[in-house]
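2 protein chains.
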Amino acid sequence: MRNIRLKVAYDGTNYHGFQRQHETHGPTIQGTLESVWARLVEEEVTLATAGRTDTGVHASGQVVNFMTQARIPEDKIPKAFNSMLPRDIKILQAECVSDDFNARWSAKWKRYDYQMDNKPIQDVFTRLYACHVPIPLNVALMQEAANLLEGRHNFKTFAAAGGASKTFERTIYRLLVKEDHGLIIVSCVGDGFLYHMVRIIVGTLMDVGKGRIRPQEIPEIIASQERRRAKMIAPAHGLSLVHVNYTEESPFEVFKDLRINDLT
Amino acid sequence: MRNIRLKVAYDGTNYHGFQRQHETHGPTIQGTLESVWARLVEEEVTLATAGRTDTGVHASGQVVNFMTQARIPEDKIPKAFNSMLPRDIKILQAECVSDDFNARWSAKWKRYDYQMDNKPIQDVFTRLYACHVPIPLNVALMQEAANLLEGRHNFKTFAAAGGASKTFERTIYRLLVKEDHGLIIVSCVGDGFLYHMVRIIVGTLMDVGKGRIRPQEIPEIIASQERRRAKMIAPAHGLSLVHVNYTEESPFEVFKDLRINDLT
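First to last, the sequence lines map onto chains A and B. The first sequence begins at 525 in the numbering used here and counts up one residue at a time. The second sequence begins at 525 in the numbering used here and counts up one residue at a time.
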């Protein structure tokens, strides 16, 4: 038995999220990967994943793993897999890891990026990967609010109902807001995320950018632990799982002087 | 009667090119724009266009014009149009121009960009807008060849059969090759382009980047005026019409010290 870890990119537009569905709602990333593996080596496997992305959410650095008895060498897996996968899913890397590795539980920190198209008229070329916000957003105010969300907090205010988490303490190591040619990217690095947490944080930052919430209100909004204080959930299609880290590398070191495009 | 000029962006993926088709091959950009205008103000118009882009080719700065008797103010046109257009076409600007303006004949120069994804495994997020070239391309050699294509030449070598042009003399003011995070962009600014000319030039530059053609061969390939000397037509989906200029502004001045993203 080998434990295989894959790095996966996908355009989530046409998928009903990562997780395989019991009933047929439509294709999922997990279902597609598992069925291609079954066709490839005639073996049924169950994937573990770093982040069970929602319907419409993308990934440029998703990580999954599974145990296999198949003899295909690791370095042949990406090409073999990719030749059978639809064009909107790609295996970027495959490697053999120790038996105790689990894509979800072994993760030390993750990075999600959220893209907003802030041009008055929506850019047709980013429409599938960025949420269109026609009202000009104040990026400086958004960054001021973002700074106040960094650190270890109880993020209950930013957790949607329906999540499985029992604790709400999480650490956000970095929350950066950058503007580039009318595209605003919020980059969020943390040790773990509650249900819809990144999208609720981004929704709140949008409200800050529109002047509806002042950055100074953020500490009180966190402290309230009331979901209703952070109203907006940003739409799914702006979100992408960019990076999952499994090493002891400090996120502070890695993200020191981060320019947003450096990691992607 | 007013002569209305529109600046239009579109994702060409789902269209059979710009030009309205007599038979029904599928939707075209011109057909879609004309039918939305007809529904908007109950008037049939015929668009003139700066560039009749092929099937699958995109535009971020296409220009069209048409004569109209409708009374809708220019500044209301983009919003009214966009609310009825499919999500992959947007009117960016509308203005009233003098009667002798024609989007095609009044153009002084145009800029096309061609995008290549040069990562070993195709990037799912640029797959609709960049041609995937998995072999590493030598960008420095490509730029060396590009420099030799600049200037006024007879471009018959680079004209596909089927074009309507009788003369083959054209001027390329700038032909730049830039690499950014694995994406290679060829930016071509010229006073006019023969049938498939940009895609054949890009195909030739790809061959240079792969080491199949040496930059020093370019002058002879141009001089040969033989189509078979420039074999490859780069696929349509990497190409985009970015800018059309109607002023006396010199392309040399505008493109001096051009950083590729400055104009978009």
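Where is the CB? At the ideal position from N, CA and C, for every residue including glycine.
When secondary structure is reduced to three states using DSSP, Gln639 (chain B) falls in the strand class.
Its chain contains Trp633, Lys634, Arg694, Thr695, Ile696, Tyr697 as the residues whose beta carbon lies nearer than 7 Å to that of Gly714 (chain A), once the 5 sequence neighbours on both sides are disregarded; these appear in chain order. Runs of the alpha helix (DSSP H) lying entirely within the stretch 652 to 695 of chain A, each at least 4 residues long, are 663 to 673 in chain order.
Judged by DSSP secondary structure, Val648 (chain A) falls outside any beta strand (DSSP E); it is assigned neither H nor E. Put simply, of A:Gln586, A:Thr681, A:Gly550, A:Ile528 the residue whose alpha carbon is nearest the alpha carbon of Thr570 (chain A) is A:Ile528. With its beta carbon less than 8 Å from one in chain A, Phe649 (chain B) belongs to the interface. Scanning A:Gly716, A:Ile613, A:Pro775, A:Phe590 for the CA closest to the CA of Phe692 (chain A) turns up A:Gly716. At a cut-off of 8 Å between beta carbons, Pro658 (chain B) makes no contact with chain A. At a beta-carbon threshold of 7 Å, the residues of chain A lying near Arg611 (chain B) are Arg651, ordered along the chain. Under the Cβ criterion (8 Å, minimum of three pairs), the stretch 760 to 780 of chain B counts as touching the stretch 621 to 633 of chain B.
Contact check for Cys655 (chain A) and Ala574 (chain A): beta-carbon distance about 23 Å, past the 8 Å limit, so the pair fails to qualify. Proximity of chain B to Pro602 (chain A) at the Cβ level (cut-off 7 Å) is accounted for by Ile645, in chain order. At a Cβ-Cβ threshold of 8 Å, Arg651 (chain A) and Arg651 (chain B) do not count as neighbours. Take Leu661 (chain A), set aside five residues on each side of it, and the residues of its chain with a beta-carbon closer than 8 Å to its own are Met640, Asn642, Ile708, Met730, Gly733, Lys734, in chain order. With fewer than 16 other beta carbons inside 10 angstroms of its own, Lys600 (chain A) counts as exposed. Apart from the 5 residues on each side of it in sequence, Pro551 (chain B) sits with its Cβ closer than 6 Å to the Cβ of Tyr539 in its chain, given in chain order. Identification of chain B residues near Leu564 (chain A) by a Cβ-Cβ cut-off of 9 Å yields none; the smallest Cβ-Cβ distance measures about 17 Å. Distance from the Cα of Ile659 (chain A) is smallest, within the candidate group A:Gly706, A:Glu598, A:Ile724, for A:Gly706. Contact check for Ala604 (chain A) against Asn589 (chain A) fails: the beta carbons are separated by 8 Å or more. Val581 (chain A) sits in coil when the DSSP states are folded into three classes, being neither helix nor strand.
Taking 8 Å as the threshold, the shortest C-beta distance from Asp535 (chain B) to chain A falls below it. Annotation: Ile737 (chain A) to Asp578 (chain A) spans about 27 Å, alpha carbon to alpha carbon. Under the three-state reduction of DSSP output, Gln740 (chain B) falls in the helix class.
Within chain B, the residues placing a beta-carbon under 7 Å from that of Asn606 (chain A) are Ile645, ordered along the chain. Counting only runs that start and end inside the stretch 549 to 632 of chain B, the alpha helix (DSSP H) elements of at least 4 residues fall at 553 to 565, 601 to 608.
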